[in-house]
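Read in order, the letters of the sequence shown correspond to residues 337 to 825 in my numbering.
Don't be surprised by glycine CBs; every beta carbon is placed ideally from N, CA and C.
These figures come from a predicted structure and were not determined experimentally.
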Amino acid sequence: MEKIVLYNTLTRRKETFEPINPEHVGMYVCGPTVYGDPHLGHARPAVTFDLLFRYLQSLGYKVRYVRNITDVGHLEQDADDGEDKIAKKARLEQLEPMEIAHYYTERYHDAMRELGVKSPSIEPHASGHIIEQIEMVKRILDAGYAYESNGSIYFDVEKYNKDFHYGRLSGRNLDDIVTNTRELDGQSDKHHSFDFALWKKAAPEHIMRWPSPWSDGFPGWHMECSAMSTKYLGEQFDIHGGGMDLMFPHHECEIAQSTAALGKDSARYWVHNNMITINGQKMGKSLGNFITLEQLFTGNHPILEQAYTPMTIRFFVLQAHYRSTLDFSNEALQAAEKGLDRLMKGIETLAKLKPADKSTADVSELERRCKEAMADDINSPMVISALFDWVRIINQAAEGGQSFTAEDLETLKGIVNRYVFDILGLRNEKAADAGGKDMVSPLVDMLLNMRMEAKANKDWATSDKIRDNLTAIGIRVKDRKDGFDWEIE
Ligand code: ZN
């Protein structure tokens, strides 16, 4: 298998990727909590790990990609207290919590399909894995790293920290965490404010509850990922991913839970995508800059100057390296829209290039650059920059400034298809939108061939008339050295 490097958040350096099984890769990514419409913040991790999934598959790995659905136990403010976010929404809308979870799971799937995000191999729901979570809580209790208090089970962070290091992933020490957490108010069942819930006894009004050896209650939010990754990927697996915002406390707690229960690190490579900011600010409901994906696709939001297509959003995300911050603005998205259009037009032009006797540029250069960029911590912006350089060369070829043999043209098309469509996961929306373009194309070609004949007969009036009429209905005609080219504006 080809050698690639990934940045491992756990060791804070790029490492050569070596999966446990040389042909299979196990990858776990924290999925959405399904209590609201999918938003811009969901797009980045989804596209980032879709890119990694597609890339690993393209290298020949069999990838088992597990992305969970959080439909239980995710409390307000990510704290151990408060109301379950899904139950709260259910109460407000007078629905069953599972109706809320199902509805927003469907909304999430729809948005992901639009964004060209492939479905994972397994999509386990937390609510369907309560037994596995209870079993793991038992293992942590048996290992001595948790305690029961009033029907709830808490992770004993201090004890764990004596044997292992709590805070390894996020680079914290327990001392820093102690100074940064508020003191207990005396009402809590926890020994320390930094201890976190593995199982919570449900208050009488709490709807989502299951029986357990300790109480009728529900698992702590961090439990599901430890339990489900172990169930589907084994006690040790290759990649664990998610947004940087999940690093602490969520992933830190996952590491502690798995280490406590299994006696070892479960994930070998931790991969985190950076966040999307909006005009330099964090996205938040209170800031008025919270944009759902549907609002982006329709343009229906006060800060949006226009609608942006799903592929524009995908391209926008891919244009930045996943570990860099990405700032959303209308200007940035408009630039992405233009860039994507240029790329797709270049591909359409490539399809129409006529072969020549010799090639004036080395097509393997594009492949080498794309390959090196992807192998270097999935550097999608570098892939895009190589593709743009080649769009320029393709456009020159259409004007007669470059040429390619038939064999090189086929190779070039293969490289472009592989990187643009298979790996970056883009699609040509304009071609698809035109819908009837399959019908339109032969008709326009027929008219333009008639125009060529008219020109050959020096019948300039007919030639101009055809071109002007096509222009009037939005079809731009370009004369080429050996014929013509056209596009729908
Ligand atoms: Zn998780």
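- Using a Cβ-Cβ distance cut-off of 8 Å, the stretch 743-752 and the stretch 367-379 are not in contact, since fewer than three pairs of beta carbons, one from each stretch, lie closer than that value.
- A straight line joining the alpha-carbon of valine 780 with that of aspartate 677 spans about 21 Å.
- Proline 433 counts as buried, since at least 16 other C-beta atoms from the protein chains shown sit within 10 angstroms of its C-beta.
- Within its own chain, the residues whose Cβ lies closer than 7 Å to the Cβ of glycine 578, once the five positions on either side in sequence are excluded, are Val365, Cys366, Pro381, His587, His608, listed in chain order.
- Each residue's CA atom was taken as its position, placing threonine 741 and alanine 734 some 14 Å apart.
- The stretch 552-637 is shown to contain whole beta strand (DSSP E) runs of 3 or more residues at 553-555, 573-579, 603-609, 612-614, in chain order.
- In the DSSP assignment, alanine 482 forms a beta bridge with Phe491.
- For tyrosine 343, the enclosing beta strand (DSSP E) starts and ends at 341-344.
- Between the alpha carbons of aspartate 552 and tryptophan 546 lies a gap of roughly 5 Å.
- Looking from the CA of cysteine 589, the closest CA among Ser506, Tyr391, Asp420 belongs to Ser506.
- In the structure shown, methionine 775 adopts helical secondary structure according to DSSP, grouped into three states.
- The shortest CA-to-CA distance from arginine 728 to any of Tyr644, Lys794, Glu684 is the one to Glu684.
- The alpha helix (DSSP H) runs of length 4 or more contained entirely in the stretch 373-410 are, from start to end of the chain, 376-394.
- The beta carbon of arginine 390 sits closer than 6 Å to those of Ile759, Gly761, all from its chain and outside the five residues before and after it, given in chain order.
- Note that the stretch 389-405 touches the stretch 456-474; at least 3 beta-carbon pairs, one per stretch, sit closer than 8 Å.
- In this structure serine 799 touches arginine 787 by the C-beta definition: roughly 5 Å separates them, less than 8 Å.
- Counting only residues of its own chain and dropping the five nearest sequence neighbours on each side, tyrosine 644 has a CB closer than 6 Å to the CB of Leu632, Leu669.
- Taken through DSSP and simplified to helix, strand or coil, isoleucine 470 comes out as helix.
- When C-alpha distances from serine 721 are compared across Asp712, Ile730, Leu702, Asn731, the shortest belongs to Leu702.
- Relative to arginine 604, the option among Ile591, Arg803, Gly616 whose CA is nearest is Ile591.
- The count of Cβ pairs closer than 8 Å, one atom from the stretch 469-480 and one from the stretch 522-536, reaches three, so the stretches are in contact.
- Pairing glutamate 468 with valine 370, the inter-Cα distance amounts to about 21 Å.
- Boundaries of the alpha helix (DSSP H) harbouring phenylalanine 651: 646-654, taken from the DSSP string.
- The beta carbon of glutamate 641 lies closer than 7 Å to those of Asn666 in the same chain, with the five residues before and after it left out.
- Tryptophan 822 carries a strand assignment under DSSP once its states are collapsed to helix, strand and coil.
- The closest heavy atom of ligand 1 lies 7 Å or more from the beta carbon of histidine 465.
- Take the alpha-carbon of alanine 709 and the one of alanine 697: they are about 20 Å apart.
- Where isoleucine 811 is concerned, the enclosing beta strand (DSSP E) starts and stops at 811-816.
- DSSP lists Arg400 as the bridge partner or partners of glycine 362.
- Sequence-distant Cβ neighbours of asparagine 715 in its own chain, meaning closer than 7 Å and more than five residues away, are His657, Ala709.
- The DSSP-derived three-state label of tryptophan 550 is coil.
- Between isoleucine 575 and methionine 363, the beta carbon gap of about 4 Å places them in contact (Cβ cut-off 8 Å).
- Within the model, the alpha-carbon separation for glutamate 351 versus glycine 810 is close to 51 Å.
- A heavy atom of ligand 1 is found nearer than 7 Å to the CB of cysteine 366.
- Buried is the label assigned to arginine 650, since at least 16 other Cβ atoms lie within 10 Å of its Cβ.
- In the three-state reduction of the DSSP assignment, isoleucine 639 falls in the coil class, being assigned neither a helical nor a strand state.
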